[in-house]
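Student:
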Amino acid sequence: MRPEPNPAERPDEGTGKRLWDSVDPGNGRIKLERRPKAATLLETLIERAIQTTGISAVALVVLIFGFLIREGVPAFAEVPLGNLLSARWYPIEDYYGLLPLIAGSLIITVGAAIIALPLGVATAIFIAEIVPDWVREILKPLVEVLAGIPSVVIGFMGMLVITPFVRVALDIPTGLTAFTGMVLLAWMALPTVVSVVEDVLDTVPSSYRDAGLALGMTRWQTIARIVIPAGKSGILTALMLGVGRAIGETMTVMMVTGNAPRIPRHPFDIFQPARTMTATIAAEMGEVAQGSTHYHVLFAVGLTLFVITFVVNLAAASVVFRGTKRAERMLS
Amino acid sequence: MVLLGGAGCRRTSGPGSPAGGATTLENKGSDTIVNLALAWAERYQELHPEVRIAVTGGGSGTGIAALMNGTVDIANASRAIKEEELATARANGIEPHEFTIARDAIAVIVHPSNPVDTLTLQQISDIYSGKIDNWRDVGGEDRPIVRLSRETNSGTHVYFLEAVIRLGDADDDTLFSADTLLMPSSEGIGVEVRQNPNAIGYDGLGYVTEDMKTLAIGLSPDGPFWEPSVETVNAGQYPVARDLYMYTAGAPTDLIETYLAWIMSAEAQKIVLDLGFVPVEGTSDAP
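For the protein sequence lines, the chains are A and B, in the order given. In terms of my numbering, the first sequence has 207 at position 185, counting the first letter as 1, and numbering is strictly consecutive. In terms of my numbering, the second sequence has 173 at position 79, counting the first letter as 1, and numbering is strictly consecutive.
(1) Helix or strand or just coil, what does DSSP make of Val226(A)?
(2) So is Met262(A) in contact with chain B if we call contact Cβ pairs under 7 Å?
(3) Could you say if the stretch 198-205 of chain B and the stretch 274-293 of chain B meet the contact criterion of at least three C-beta pairs nearer than 8 Å?
(4) In its own chain, which residues sit with a C-beta less than 6 Å from the C-beta of Ser154(B), not counting the 5 before and 5 after it?
(5) Could you check which residue in Thr126(B), Ile200(B) and Gln216(B) has the C-alpha nearest to that of Asp316(B)?
(6) If the cut is a Cβ gap below 8 Å, which residues of chain B does Ile176(A) touch?
(7) For Glu144(B), go through chain A and note every residue whose CB falls closer than 7 Å to its CB, in chain order.
(8) Out of curiosity, what's the CA-to-CA distance linking Thr274(A) and Trp209(A)?
(9) So Ser323(B) and Thr214(B) are in contact, right, with Cβ under 8 Å, and what is the actual spacing, rounded?
(10) How far does the beta strand (DSSP E) with Phe187(A) in it reach, from first residue to last?
(11) Taking Cβ-Cβ distances below 9 Å as the criterion, which residues of the stretch 98-114 of chain A are in contact with chain B?
(12) Which first and last residues belong to the beta strand (DSSP E) in which Asp198(B) is found?
(13) Quick check: the stretch 322-336 of chain B against the stretch 177-191 of chain B, are at least 3 beta-carbon pairs closer than 8 Å?
(14) Return the residue from the list Met276(A), Arg110(A) and Leu258(A) that minimises the CA-CA distance to Leu336(A).
(15) Is there a C-beta anywhere in chain B that falls below 7 Å from the one on Pro289(A)?
(16) Would you say the stretch 268-279 of chain B touches the stretch 280-300 of chain A, given that touching needs at least three Cβ pairs under 8 Å?
(17) Within 7 Å (strictly less), CB to CB, does Thr300(A) reach chain B?
(18) Below 8 Å, can you find three or more Cβ-Cβ pairs linking the stretch 117-134 of chain A to the stretch 201-221 of chain A?
(19) Give the straight-line distance between the Cα atoms of Ile285(A) and Glu69(A), rounded to the nearest whole angstrom.
(20) Could you pull the DSSP bridge partners for Arg146(B) from this structure?
(21) Is Ser243(B) helix, strand or coil by DSSP?
(22) Out of Val190(A), Gly238(A), Val175(A) and Tyr118(A), which one is the CA nearest neighbour of Ala99(A)?
(23) For Pro286(A) and chain B, any beta-carbon pair shorter than 7 Å?
(24) Leu275(B) touches chain A at which residues, Cβ-Cβ below 8 Å?
(25) For Leu276(B), which beta-bridge partners are listed by DSSP?
(26) Can you give the Cα-Cα distance for Arg288(B) and Thr308(B), rounded to whole angstroms?
(27) Quick check on Leu369(B): does DSSP put it in helix, strand or coil?
(28) Please state whether DSSP places Gly152(B) in a helix, a strand or coil.
(29) Nearest-angstrom Cα distance between Met340(B) and Leu212(A)?
(30) Which residue wins for smallest C-alpha separation from Gly151(B), given the options Leu180(B), Met162(B), Asn121(B) and Glu178(B)?
(31) Are the stretch 163-179 of chain A and the stretch 297-305 of chain A touching, with three or more C-beta to C-beta distances below 8 Å?
(32) For Leu132(B) versus Val149(B), is the C-beta distance shorter than 7 Å?
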């Protein structure tokens, strides 16, 4: 890492006073000097504004969670647990089995992650480590443009192009399958994975690479044995963020996965239709009578989704946290 | 006339009362009918600028519930009113009157290359409930059958379940096979049927285009089989056709009566045909 100039040694502009001089020798804290009144007022206002936005962001999440609980929890009282855990989802005849929906969301998300991770990491390594700078300046924005394509456009392309292709290429009854959903979701998660991994590889000190090359390792050995292990935690974060993006995706999966609520019993069932939690909420919420059992169950589905996303994000955050600590240890 | 109409409306409906000199009719219900109801309302308002007709969708059940609560003047429904709904309405002191305003044929559609031309209702029921899994079993090629349906919130889905899969038997509790693909839109069904030779789907006759094949449907394996069309529906031959209804609270009066009478006119029924529905013959379908 480039050595940052120590801020404490920088002379305070104008007065020539050093920051050292304001440190209280008693407790080591910086003594605050009185500022002009107008400036204090302005600063207080700005501080308050920032505080409000910060708190409202957290409050919003809490409110959403509270709302989901209020509307979703009654479902567990209205529908017997045996029904909720059954394998049949057909709400207009009071079959509320959540398992096919949870299974659908999970296999599509995991599948998308399995496809997106190697592709994303390889692309990131290519951009960060291999190509010359000018190619990198072109490739990086291009990958980011991919993130900006609306999901409905990807879904429509999937329906018209990928679906028939998958059906013919794999010789399966229909192309509207969980697998098609995985491919499209992987494609959508790719920009996230590439950007995050690329940024992480960027922070791996170049002295590591130099050391590897100086020891006589090839470029590939340096990348595979030094750079990637050094950026491991970042790659995990990228995976989590990609998964978070994939599990919440609605429009694309609704258009290409066929939405048949069936539980996969066999690995080859990824070539069968599946129905995700998000698609179920999107398709059914519009027509459901407010306050009905079906309405509460849909909120329970939303609650489940919220909890899963929350856990994934929490896991991602803890990985990042652990990563920083290790980096600090290495540098000290 | 207009004043009387306004008074009539105020009696039956709270929010549907006169506004700004014009009289407003509240018309709500089935999403199948909503485009038709809108087209009628637009044309009628051109002919009668003093009347405003507010059309909203929401589903047949929503419309009938609103009629029972006295918040609409006319409820649209793609199914007949249920016994329980009738009982609730009577308990609220409202006697719903039924008008058949159009007919809708549900076409069963397949890929143009599919050699199957005819199916019996029983065969369609067996296909959708999962008893028949291969086109070979209904006289086609050795191909797996991919079943396509609308989502469960669609009135067409419910009609198809009751009239075709359960063959109209109210005690039957057969369901769609869990493998049935539930498409969020008519367009979704159309795209898949056009490109997949394994697929079978169903949709309103108005949504069928040239590049898909409609099957002729019969009641017995020996025939006869009927293609869905205006003629076979009106002759009562095509078996998968339903009536579309409008309901009023009590016998219609004044403005509502005039509007419903206009809906039965040749001009209004021409709009029915333009939108892909089947016009009702004659004007005396009211019970």
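Every residue, glycine too, gets a C-beta built ideally from N, C-alpha and C.
Tutor: On the basis of the coordinates in this document:
(1) In the first sequence, counting from the first residue as 1, residue 226(A) sits at position 204. In this structure, DSSP gives Val226(A) a state outside helix and strand, which the three-state scheme calls coil.
(2) The sequence position of residue 262(A) within the first sequence is 240, counting from 1. For Met262(A), the answer is no, since every Cβ of chain B falls outside 7 Å of its Cβ.
(3) In short, these stretches touch, since the Cβ pair count reaches three.
(4) Here residue 154(B) refers to the residue found at position 60 when the second sequence is read from its first residue. Contacts found: Gly123, Ser124, Ala171, Ser172, Arg173 and Gly249.
(5) On the second sequence, residue 316(B) is found 222 positions in, with the first residue counted as 1. Among Thr126(B), Ile200(B) and Gln216(B), the Cα nearest to that of Asp316(B) is on Gln216(B).
(6) Taking the first sequence and counting its residues from 1, the one referred to as residue 176(A) is at position 154. In chain order: nothing, as chain B lies at least about 15 Å away.
(7) Start at 1 with the first residue of the second sequence, and residue 144(B) comes out as number 50. In chain order: nothing, as chain A lies at least about 34 Å away.
(8) Here residue 274(A) refers to the residue found at position 252 of the first sequence. Here residue 209(A) refers to the residue found at position 187 of the first sequence. Rounded to whole angstroms, Thr274(A) to Trp209(A) spans 11 Å at the Cα level.
(9) Sequence index remark: in the second sequence, residue 323(B) carries index 229 (1-based). Sequence index remark: in the second sequence, residue 214(B) carries index 120 (1-based). Actually they are not in contact, since the Cβ atoms of Ser323(B) and Thr214(B) sit about 19 Å apart, beyond 8 Å.
(10) The count along the first sequence starts at 1 and reaches residue 187(A) at position 165. Per DSSP, Phe187(A) lies in no beta strand (DSSP E) segment; the continuous alpha helix (DSSP H) that holds it begins and ends at Thr185 to Leu192.
(11) Taking 9 Å as the Cβ-Cβ cut-off, the stretch 98-114 of chain A approaches chain B at Ala109, Arg110, Trp111, Tyr112, Pro113 and Ile114, given in chain order.
(12) Residue numbering aside, residue 198(B) sits at position 104 when the second sequence is read from its first letter. Run containing Asp198(B): Pro190 to Val204, per the beta strand (DSSP E) assignment.
(13) At 8 Å Cβ cutoff, the stretches do not touch.
(14) The residue labelled residue 336(A) in the question sits at position 314 within the first sequence. Minimum Cα-Cα distance from Leu336(A) among the listed residues Met276(A), Arg110(A) and Leu258(A) corresponds to Leu258(A).
(15) Start at 1 with the first residue of the first sequence, and residue 289(A) comes out as number 267. Pro289(A) is outside the set of residues whose beta carbon lies under 7 Å from a beta carbon in chain B.
(16) In short, these stretches touch, since the Cβ pair count reaches three.
(17) As a working note, residue 300(A) is residue 278 in the first sequence. With 7 Å as the cut-off, Thr300(A) does not count as an interface residue toward chain B.
(18) Taking 8 Å as the limit for Cβ pairs, the verdict is that the stretch 201-221 of chain A does touch the stretch 117-134 of chain A.
(19) The residue given as residue 285(A) occupies position 263 in the first sequence. The residue given as residue 69(A) occupies position 47 in the first sequence. The straight-line gap from Cα to Cα measures roughly 52 Å.
(20) Taking the second sequence and counting its residues from 1, one reaches residue 146(B) at position 52. Looking at the DSSP output, Arg146(B) shares a beta bridge with Thr118(B).
(21) Start at 1 with the first residue of the second sequence, and residue 243(B) comes out as number 149. Ser243(B) falls in the strand class under three-state DSSP.
(22) Taking the first residue of the first sequence as position 1, residue 99(A) is located at position 77. Ranking Val190(A), Gly238(A), Val175(A) and Tyr118(A) by Cα distance to Ala99(A) puts Tyr118(A) first.
(23) Residue numbering aside, residue 286(A) sits at position 264 when the first sequence is read from its first letter. Output row for Pro286(A): interface = no.
(24) Here the question's residue 275(B) lines up with position 181 in the second sequence. Here the neighbours are Thr196, Leu198, Gly280, Asn281, Ala282 and Pro295.
(25) Residue 276(B) sits at position 182 when you count from the first residue of the second sequence. Partner(s): Ser243(B).
(26) In the second sequence, residue 288(B) corresponds to position 194, counting from 1. In the second sequence, residue 308(B) corresponds to position 214, counting from 1. Whole-angstrom Cα-Cα distance: 12 Å.
(27) To locate residue 369(B), count along the second sequence from 1; it is residue 275. Note: Leu369(B) maps to coil in three-state DSSP.
(28) Within the second sequence, the letter at position 58 stands for residue 152(B). In this structure, Gly152(B) counts as coil in the three-state DSSP scheme.
(29) On the second sequence, position 246 is the one that residue 340(B) refers to. On the first sequence, position 190 is the one that residue 212(A) refers to. Each residue's Cα considered, the two are about 51 Å apart.
(30) Position 57 of the second sequence holds residue 151(B). The shortest Cα separation from Gly151(B) among Leu180(B), Met162(B), Asn121(B) and Glu178(B) belongs to Asn121(B).
(31) The stretch 163-179 of chain A, when compared against the stretch 297-305 of chain A, does not touch it at the 8 Å Cβ threshold.
(32) Counting from 1 along the second sequence, the entry for residue 132(B) is found at position 38. Counting from 1 along the second sequence, the entry for residue 149(B) is found at position 55. Yes, they are a contact pair.
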